[in-house]
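If you count the sequence shown from 1, position 243 lands on 243 in my numbering, and the numbers rise without skipping. We put the CB at the ideal spot given by N, CA and C, even for glycine. Read through the structure below, which is laid out as structure tokens, and then see the notes.
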Amino acid sequence: MLHVPRKRFGPGCRDWQVIWKTYAISEPPEPLKKNTAGTQMFGPAGGAIWSAPTIDKKRNLLYVGTGNSYTEVDTNGTDAIVAIELETGRVRWIRQFTSHDDYLMGCEDPRQYIANCPSKLGRDLDFGSSPILHRLPDGREVVLAGQKSGMLYALDPDNEGKLLWQVSAGRGGALGGIEWGPAADDQNVYVAISDVMTREFGPAGGLAAFNVASGERVWHTPAPPPGCTGSRRRCTAAQSAAVTVIPGIVFSGSQDGHLRAYSTGDGSMLWDYDTRRPYDTVNGIPGHGGSLDTGGPAIANGMLFVNSGYGKFFGEPGNVLLAFRVDADEQR
């Protein structure tokens with residue numbers, strides 16, 4: 001569901017009022033079945049929006065990526081890119097990429113309580129990162145979207161999200177594929193790969209660049225072996241965090257705590273810093289870095305800022321915000 005408030009000012013009053021509300025799943029839920037505990041279940045359900053919307057002022061639209069379905073009832077609003085009118089909340093178009101991705105956490109393990117689990121479990125292929133509205137050198141625009149399936153898509157915003165190209169960047173699955181977000185410059189889109197749970201097929205992680213106009217792969221740099229030997233948590237080189245690009249350099253963090261800078265030209269690694277260490281902090285609180293996940297680095301005024309420590313799933317917890325300067329070896 002997307003909820004858009006409007007701020008209202010008046011004498012002695014400051015509050016908000018809803019101007020529109022739109023659900024990713026348009027079909028009303030209906031009785032589906034009773035679970036093993038005798039509770040009535042309803043469907044369809046799901047389609048969570050767990051990334052920031054992208055505003056398209058030219059077309060008066062916003063784009064959102066949606067998550068998987070929770071029940072086996074058919075719906076087109078899950079695992080999709082949805083275009084919504086800014087002023088009215090009306091859905092302009094929906095481009096679904098995986099139907100019946102019916103998934104709930106915990107259902108992989110039959111030893112857990114599974115009363116609400118779908119009869120056939122999907123692969124958990126959400127769109128967890130914000131779509132990117134990108135202008136090509138010839139003036140045309142595309143919407144770029146990365147999915148946890150490992151697929152990267154380019155859509156035509158002037159033709160109801162028509163698929164322009166698609167490319168596989170990873171194996172995908174739960175916590176896999178493209179997790180928290182690519183980044184793009186004038187020529188390429190840069191994609192970090194998680195695949196944290198697919199180690200039986202090969203090493204997790206890696207960073208790749210694809211030409212925005214064609215989807216052709218420009219380069220791919222595999223992840224180095226994980227540098228978290230001895231950790232009590234699962235050690236992996238998965239690159240789940242969102243990436244950040246500046247002219248000439250793309251930054252990508254890893255579950256093993258490493259923050260790396262890559263050349264946008266050929267993918268060569270220019271800098272590698274292991275954030276998984278103790279720190280003397282400026283506020284005197286004992287600090288320790290850990291896994292890099294979710295949001296990517298923020299860059300402003302010649303400095304890079306990144307938080308280190310994410311232990312929700314397979315990562316290493318931590319509690320530091322790190323600041324780096326280009327012109328100094330010292331980290332603060």
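Between I193 and I178, the alpha-carbon positions lie close to 5 Å from each other. Beta-bridge partners assigned by DSSP to V306: L322. Between the beta-carbon of G43 and that of T71 there is about 3 Å, and that keeps the pair under the 8 Å contact cut. Taking a cut-off of 8 Å for Cβ pairs, the region 274-288 and the region 212-219 do not touch, as fewer than three such pairs fall below it. The criterion of a C-beta distance shorter than 8 Å is satisfied by G205 and A223. Considering only I84, L270, S149 and G289, the residue with the shortest C-alpha distance to S168 is S149. Here H100 carries a coil assignment [DSSP, helix/strand/coil]. Residue pairing from DSSP places Y63 in a beta bridge opposite T54 and A83. Going by beta carbons, L133 and T54 fall inside the 8 Å limit.
One Cα belongs to T22, the other to Q96, and the distance between them is close to 17 Å.
In this chain, the beta strand (DSSP E) harbouring S263 covers H258 to S263.
Cβ neighbours of T98 within its own chain (closer than 7 Å, five residues either side excluded): D79, L125 and S149. Around V73, the same chain offers L32, G43 and P44 as residues with beta carbons nearer than 7 Å, after the five sequence neighbours per side are excluded. When secondary structure is reduced to three states using DSSP, I249 falls in the strand class. Straight through space, the alpha carbons of I299 and I249 are spaced by roughly 12 Å. For the pair G176 and V212, the Cα-to-Cα distance works out to about 22 Å.
Residue pairing by DSSP places Q166 opposite Y153 in a beta bridge.
The Cβ-Cβ distance between L152 and V196 does not fall below 8 Å. In the displayed model, P31 falls within a strand according to three-state DSSP. When the beta-carbon positions are compared, L155 and V189 stay at least 8 Å from each other. Within the same chain, E141 come within 6 Å of R135 by CB-CB distance, once the 5 residues on both sides are set aside.
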